[in-house]
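Colleague: Let me give you the structure first, and then I'll get to my questions.
6 protein chains.
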Amino acid sequence: MFYTDGKLQYPVRVERPNPHFARALQQAIGGVEGEIRVALQYMFQAFGARGPAKYRDMLLNTATEELGHIEMLSTAVALNLENAPLSFQEEVSADAMGGVVLNGMDMRHILSTGLAALPSDANGVPFDCSHVYASGNLAADMYANVTAESSGRVLAVRLYNMTDDPGMKDMLSFLIARDTMHQQQWLAAIEDMGGAVENLPIPNSFPQSQEAGEHSYAYFRHMVDGSIPEGRWSAGPSMDGRAEFTAVKSVPMGDKPSLAPARPDGGAQAQQSSKSGTTGLLGKVEGAIERNL
Amino acid sequence: MFYTDGKLQYPVRVERPNPHFARALQQAIGGVEGEIRVALQYMFQAFGARGPAKYRDMLLNTATEELGHIEMLSTAVALNLENAPLSFQEEVSADAMGGVVLNGMDMRHILSTGLAALPSDANGVPFDCSHVYASGNLAADMYANVTAESSGRVLAVRLYNMTDDPGMKDMLSFLIARDTMHQQQWLAAIEDMGGAVENLPIPNSFPQSQEAGEHSYAYFRHMVDGSIPEGRWSAGPSMDGRAEFTAVKSVPMGDKPSLAPARPDGGAQAQQSSKSGTTGLLGKVEGAIERNL
Amino acid sequence: MFYTDGKLQYPVRVERPNPHFARALQQAIGGVEGEIRVALQYMFQAFGARGPAKYRDMLLNTATEELGHIEMLSTAVALNLENAPLSFQEEVSADAMGGVVLNGMDMRHILSTGLAALPSDANGVPFDCSHVYASGNLAADMYANVTAESSGRVLAVRLYNMTDDPGMKDMLSFLIARDTMHQQQWLAAIEDMGGAVENLPIPNSFPQSQEAGEHSYAYFRHMVDGSIPEGRWSAGPSMDGRAEFTAVKSVPMGDKPSLAPARPDGGAQAQQSSKSGTTGLLGKVEGAIERNL
Amino acid sequence: MFYTDGKLQYPVRVERPNPHFARALQQAIGGVEGEIRVALQYMFQAFGARGPAKYRDMLLNTATEELGHIEMLSTAVALNLENAPLSFQEEVSADAMGGVVLNGMDMRHILSTGLAALPSDANGVPFDCSHVYASGNLAADMYANVTAESSGRVLAVRLYNMTDDPGMKDMLSFLIARDTMHQQQWLAAIEDMGGAVENLPIPNSFPQSQEAGEHSYAYFRHMVDGSIPEGRWSAGPSMDGRAEFTAVKSVPMGDKPSLAPARPDGGAQAQQSSKSGTTGLLGKVEGAIERNL
Amino acid sequence: MFYTDGKLQYPVRVERPNPHFARALQQAIGGVEGEIRVALQYMFQAFGARGPAKYRDMLLNTATEELGHIEMLSTAVALNLENAPLSFQEEVSADAMGGVVLNGMDMRHILSTGLAALPSDANGVPFDCSHVYASGNLAADMYANVTAESSGRVLAVRLYNMTDDPGMKDMLSFLIARDTMHQQQWLAAIEDMGGAVENLPIPNSFPQSQEAGEHSYAYFRHMVDGSIPEGRWSAGPSMDGRAEFTAVKSVPMGDKPSLAPARPDGGAQAQQSSKSGTTGLLGKVEGAIERNL
Amino acid sequence: MFYTDGKLQYPVRVERPNPHFARALQQAIGGVEGEIRVALQYMFQAFGARGPAKYRDMLLNTATEELGHIEMLSTAVALNLENAPLSFQEEVSADAMGGVVLNGMDMRHILSTGLAALPSDANGVPFDCSHVYASGNLAADMYANVTAESSGRVLAVRLYNMTDDPGMKDMLSFLIARDTMHQQQWLAAIEDMGGAVENLPIPNSFPQSQEAGEHSYAYFRHMVDGSIPEGRWSAGPSMDGRAEFTAVKSVPMGDKPSLAPARPDGGAQAQQSSKSGTTGLLGKVEGAIERNL
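Chains as they are written, first to last, in the UniProt record's numbering: chain W, 1 to 293; chain E, 1 to 293; chain X, 1 to 293; chain A, 1 to 293; chain V, 1 to 293; chain Y, 1 to 293.
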């Protein structure tokens, strides 16, 4: 169960409203790198967490923090839109740079929200919850969270570099710091679970004896010229210390697949009822036509 | 540029076709944990790779391998569907368990493909490319890839445990092994780039001096009772060794946000034109009605 | 900014876990009638609220309550899945009705979450935020909220009627009661804003003198036989008391639209370069072919 | 069954084609506030209408009118695009304001349609039919329709205020008038069904004695400081006249949820097999590793 | 502008309601092969039709017919649902086959519509208008329409073969016949435009002299073993009679692509700032860390 | 199984990077007319191909070519973005035309990819695999492929006309040529299968004797004024030579549909429990209210 105080976690201040930057900020709200995603992701991971209770508590706690980030960014969008042009007439009468503002805006900030944030990305594509990764496997989820906070911090840094509004830079410096912590936090959770090696391969509950072990530490080469991009992955001890990396040419172990011919009542063409073509083919067609008359 | 030989990377054999398992396999083709996703994800990461060329080559190479996994799984779906019922009549005439097969199937395997795979998940939701994570930041991408291979292996293990068909178990033991390797591979790439610590925080090209550093290693507590789920994240040295974790109560640093009243031509209600309600409110409404007459 | 205590707003108890009902419950989490929708909808309405502050506070307050409903329902899903079959083998060994459970389940409850809730509907379609209606117009939003709580209560009633588990019936009786209150609450907010009539037509800030008033209270009849379904809408005083309803035959006031021919470099067929067809047409094609050689 | 005469319901005239406004108009075609939505929504409500036939007839009749609005707006889009620039060269050669037209356009108006309308919104996001609300409950549907016509009229007003083209203003004054009528119409339908109170709570076919009645008229307060935004909803008689509103502090009635540990074959980490962490945890991991060798 | 008479184009009769078949029929309503798609596709092609007016008229006319098919199929769905089970209790009390009905149903037919059709496919995925193909090129559109009617008739045939209800078979025999006609109709339109050859390549308004003509009639072989699937496409006169088909080995004409290194403020990792890796790499990282302190 | 050499099928050269054109190119990558679509479409058609093996081989071969086109276009996008502005400051300092570049760009090219391609269209809408048409019917699929290559070539021509960069024009002249060939190739495949007539109606395996033959070659007129757009489709021999086209007035053969009243536990309003309204209606409501008390 949740509570609020209606206040902002960190001050949100806009000195020079910029409707174009409002659109950029949308990516941090409803983009795949954004705050709706992490809030819901940590929440659903918590709701489905099986195992030691502390992970559930921690996930729920940070999900709750992220809700406040949606609030901060939505406020930032609304403030950046305060002076946005509402008509083509205003646009023309404005100064040279102002004249192009309407082009750079998300028009739905005028048409659909009346100068407020949307739960969408910078292109107006609504966030969809298929991006809420909650696998029921804590280690897989922790890496999903490191990923979310990495792409989230990359985005926040790009927004920071894009704007020169001191208020916006201040707000983003806070969000960047929180992303730093959250990267640390999810990596710390893996450590708390015994460390990266102990958790590999994910899921670590499946006996490795049942996998086709001869292919478990081999870098497969698919370059037609046989070349191989060498690196830490192509030789030396594996990351879990249980084997040596090798680099092997990938060759087909299977044949060309061969499906049964189409069944008569399956809606295929008559010609698909046998596996070979040519003469049999035309006979098939004639038969089908005859049958139809 | 790409080539093929039309053969399967690994043999795909189905002893007892099971249309219901065909539907489950769809998750590994078009689900967010599936092979279309990794094939396209590694491909787009390669296409946009800036920096040392070997990472591009490696990404492209493994993307090419993943294309063959889509092929294997699609073949497995088609083979599992070979004897699927095409009508309610067949269903009734079948044995007790067979009678329920039609219920468990993806009906689009009959209606839309004529007994073949779809680029969709186990619920028939088509894969959409918003799940192709290619951020332009190699470290963020590597963690995205570890995540993809972790949730991919979790899925493959669940499919392995679900079926008792020896052919399917064999195929899945191969895919599970490849997921093991690919988890290793992306972690090895991070090592190749200098190791996890060197790459933190992601992006490591942004000067940490510009972030609000006092919040960068603090676990914020949002529990109303002040409790704290203790763990590796709440105390001790940070994962990057540059600070100590602390656990602090989260308190609002900002005020309640206050937006300007609605503008007259913005399509809001007349009552929204001032920030306060009560008496002024009714006056506003009366004015609006008057103006309308 | 938000807080939590990690506890459930109302007890969630499942006496006889039913994985099929778990799938039904998903509609109340990630369906368009569900709780993610109302939580985010009230939140974004609050974040963008312009005008008297109390509406913002009230919206944010109830958004916060709805977050707890997602938590309750997700817990209910997880509990209904506790004994779900994980393989076809278990299924066969089970009793007659149990044997069909796997067919009725959302397979992603096994494959993607390891027996936990998804932010998706009963068909596994993920919630997408285009359903978060926050128009910047308070009256339009209040009706959107009445709608959400109406379809939400309809859904909760159907779930209540579907199950015979006492624990689930108890939880749903609570959610149904809350939906009752929330229907009241949004209607009360309209009253608080001056009442339904004062707020019509929405938006009430646009001078009705500027609309084509002769069509503003007319029921247009599009039945080819001229019939008219009579009701409160076809005669008598209008709902806002400002006019009388009439029922008029709809006749086209405009002509057939006529667009300019296709421009030569617009990627159309050569035949589309004039408005008339027949002889000129073939000449066009010949010319195009000639030009191409 | 349907008929057409190929003519426009109301004249569509564009004096100064504006490709940027063409993009804005898309919101009224394929946006969630747009005409495809209402046409299909009223249609599906009619197709599934159970109960008195007149509601079905009325819904179908107005659905048919809305189809003509899609036609009008699509024509308006095409006419606004007649002189759109097709290349960057044209853009540069144009006058100062004309030079930015290509930036403001929906590029798919060039690339995908050859200067015609798309069934998408102002950001190019295609309309999707999850927005067709047809619940099988007439009262819920009527409120959904009031909502659709409210957000539709808000949008039309914003478009009216955005343009200064007399032809477009004329067309929009007609559509705004029709939205006025349709708001009236759906409210009239509720009156026709016995009035707002008789229809509450929706669905009114569920015995209120079965809901947890002590929570049915209570405003739950989730503000941590105990404050309460007072209004018509927090005290006084309820809107249906059956109770008094109260405002109560929301406290958890349930405990922290507690799920069973992860099952061994469910693809979780080994560490999730018990509810407690610490020492048992490492033992678990060691066991899992041992089992794997 | 459109009209209706509220009657069905063809009788819809269900002798033995089958909720599972109701779900299958959904594919013909909201599937990519379904009737919403063709209705809207022909409509938008008409709305944007440039060139001879008769094509617009014909498209609009048939779009109007298709609207009636949505009506027929939606009625068929509702009738197939009349006796559907609404609860698990009913299910258990039913006969052996009836007991599994609830598993095969689209649960949203109960939960979301109260036993009526959805604008979604057989898996409950809502139709989305990205499938409305209207390219502004009449020939491309005609082939899109042939495709839509081909996959539509394939689907109708599969539904016909799936059911043994005489009423449903009768309705489908009508829809199948209409699909036959519409396949003919769109092919006839291509003939009307001068025939298949005259219209190739589409668009025929682009001078073929400007394309890289040496690659215009060559079958490129991408099989690593050099094999070639021979057929009408690999030798002999081209379909437009303007050239001979050849089959050539595909070899890269370009080099490995080489992008510039990442820019310093672009949010990449520091390691991506140069094109080469190894020693320079570590220096980069150290520099970045230093800069951060 | 697949291979690569990491080289481009055709050289990709950009003389004057244009971030706005980069956005336009996205349509050819992730648009419905784009290369991800054809690559996956031909691939899934191959994976599910039943019947003569040569069609599978040919489809797989060309799918493999199309993968290389995604690579070419993604490289073109990245090269067009090399000098893109990363901040509003750069924008202002640039020249007049450069000042508007940021408005015309896809902002996610900065925010989400760091100057590289997305698997999305020109409006940033991600490609979704519902557009991968693979019906299990070879003839339907061939027409789907002709459609894809037609709209693909229309798009490529529009891009060619839009740019004046010699490198981009060169690349597009190659892609246009390949689209020419692929249109030929799929039409040749139909010829290889016996020709267009032999394959009609699709599917040709369904006995035409079972369709409602009297409606199979009739153009149904839905114009209220009885007019008819005459053309090849309204008279003369049918395209398959088996009948004569006729043009008949469309009249309803069915009645108004009549569904059963709403069931008591189906979540409808009480008023929907009978088919007639008026007096009975109010009685119903009163009863419902009574029952609730």
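Glycine included, every Cβ here is placed at the ideal spot set by N, Cα and C. As the structure is a computational prediction, the values presented were derived from the model and not from experiment.
1) Does any residue of chain C bring its CB to less than 8 Å from the CB of E/Thr64?
2) Between V/Lys7 and chain A, is there a C-beta pair that is closer than 8 Å?
3) Rounded to a whole number of angstroms, what is the C-alpha to C-alpha distance between Y/Arg178 and V/Met253?
4) Who are the near neighbours of X/Met72 in its chain, counting only those whose CB is closer than 7 Å to its CB and skipping five residues on each side?
5) So which of V/Phe206, V/Asp225, V/Met223, V/Arg232 has the shortest CA-CA distance to V/Tyr217?
6) Do you know how far the Cα of W/Gly167 is from the Cα of W/Arg16?
7) Ends of the beta strand (DSSP E) at W/Thr4?
8) Which two residues bound the contiguous beta strand (DSSP E) that contains Y/Arg221?
9) In chain V, which residues lie less than 7 Å from Y/Ile202 when you measure between Cβ atoms?
10) Using a C-beta cutoff of 8 Å, does V/Lys275 count as contacting chain E?
11) Using a C-beta cutoff of 8 Å, does Y/Ser87 count as contacting chain W?
12) According to DSSP, simplified to helix, strand and coil, what is Y/Pro19?
13) Out of A/Leu111, A/Tyr143, A/His131, state which residue places its alpha-carbon closest to the alpha-carbon of Y/Gly27.
14) Measuring alpha carbon to alpha carbon, tell me which residue in A/Asp240, A/Phe88, A/Ala140 is nearest X/Val154.
15) So with CB distances below 7 Å, who are the chain Y contacts of X/Asp265?
16) Going by alpha carbons, who is nearest to W/Ala189 out of W/Ala22, W/Ala53, W/Phe2?
17) Can you check whether the CB of A/Val77 is closer than 8 Å to the CB of A/Ala22?
18) Note down the Cα distance separating X/Asn61 from A/Glu149, rounded to an integer number of angstroms.
19) Measuring CB atoms only, is the region 204-213 of chain X touching the region 208-228 of chain A, in the sense that at least three cross pairs come out at less than 8 Å?
20) Is W/Gly231 close to chain Y, meaning its C-beta is less than 8 Å from at least one C-beta of that chain?
21) Could you check what DSSP says for V/Thr64 in three-state terms: helix, strand or coil?
22) Just how far apart, CA to CA, sit Y/Gly31 and Y/Val146?
23) Can you find a CB in chain X that lies within less than 8 Å of the CB of A/Ala96?
24) Quick check: what's the CA-CA separation for V/Val197 versus Y/Gln41?
25) Would you mind telling me which residues of chain X sit closer than 7 Å to residue 322 of chain E, beta carbon to beta carbon, in chain order?
26) Would you say E/Pro229 and W/Val157 are within 8 Å of each other, going by their C-beta atoms?
27) What are the residues that DSSP puts in a beta bridge with E/Pro237?
28) Thinking C-alpha only, which one of W/His69, W/Gly68, W/Gly104, W/Thr75 is nearest W/Pro85?
29) Given E/Ala235, which residues of its chain have a CB within under 8 Å of its CB, disregarding the five upstream and five downstream residues?
30) Applying the 10 Å Cβ sphere with the 16-neighbour rule, what's the burial state of X/Gln89?
31) Using the beta-carbon count (16 or more within 10 Å), is E/Asp165 buried or exposed?
32) What number of angstroms, rounded off, separates the C-alpha of Y/Asn83 from the C-alpha of W/Leu138?
33) Among the candidates V/Gly34, V/Val14, V/Leu81, whose CA atom is the shortest distance from the CA of V/Gly68?
34) At which residue ranges does the region 159-223 of chain Y contain complete beta strand (DSSP E) runs of 3 or more residues, listed in the order of the chain?
35) In the DSSP assignment, find the alpha helix (DSSP H) that holds E/Met107 and state where it starts and stops.
Modeller: With the structure as the only source:
1) Looking for chain C here will not work: the only protein chains present are W, E, X, A, V and Y.
2) yes
3) 14 Å
4) Leu8, Gln9, Tyr10, Val12, Met171
5) V/Arg232
6) 9 Å
7) 2-4
8) 218-221
9) Ser150, Arg153, Val154, Gln183
10) yes
11) yes
12) helix
13) Looking at the sequence itself, residue 27 of chain Y is Gln, so the reference to Gly does not match. With distances taken between Cα atoms, Y/Gln27 lies closest to A/Leu111.
14) A/Ala140
15) Asn161
16) W/Ala53
17) yes
18) 27 Å
19) no
20) no
21) helix
22) 16 Å
23) Note that A/Ala96 has pLDDT 47, beneath the 50 cutoff, so the model's placement of it is unreliable and the number below is only indicative. Not closer than 8 Å to any Cβ of chain X, the Cβ of A/Ala96 fails to qualify, so no.
24) 25 Å
25) This structure cannot settle anything about residue 322 of chain E, because the visible part of chain E is limited to 1 through 293.
26) no
27) E/Glu244
28) W/Gly104
29) Glu244, Phe245, Thr246, Ala247
30) exposed
31) buried
32) 42 Å
33) V/Gly34
34) 218-221
35) No alpha helix (DSSP H) contains E/Met107, which DSSP labels as neither H nor E.
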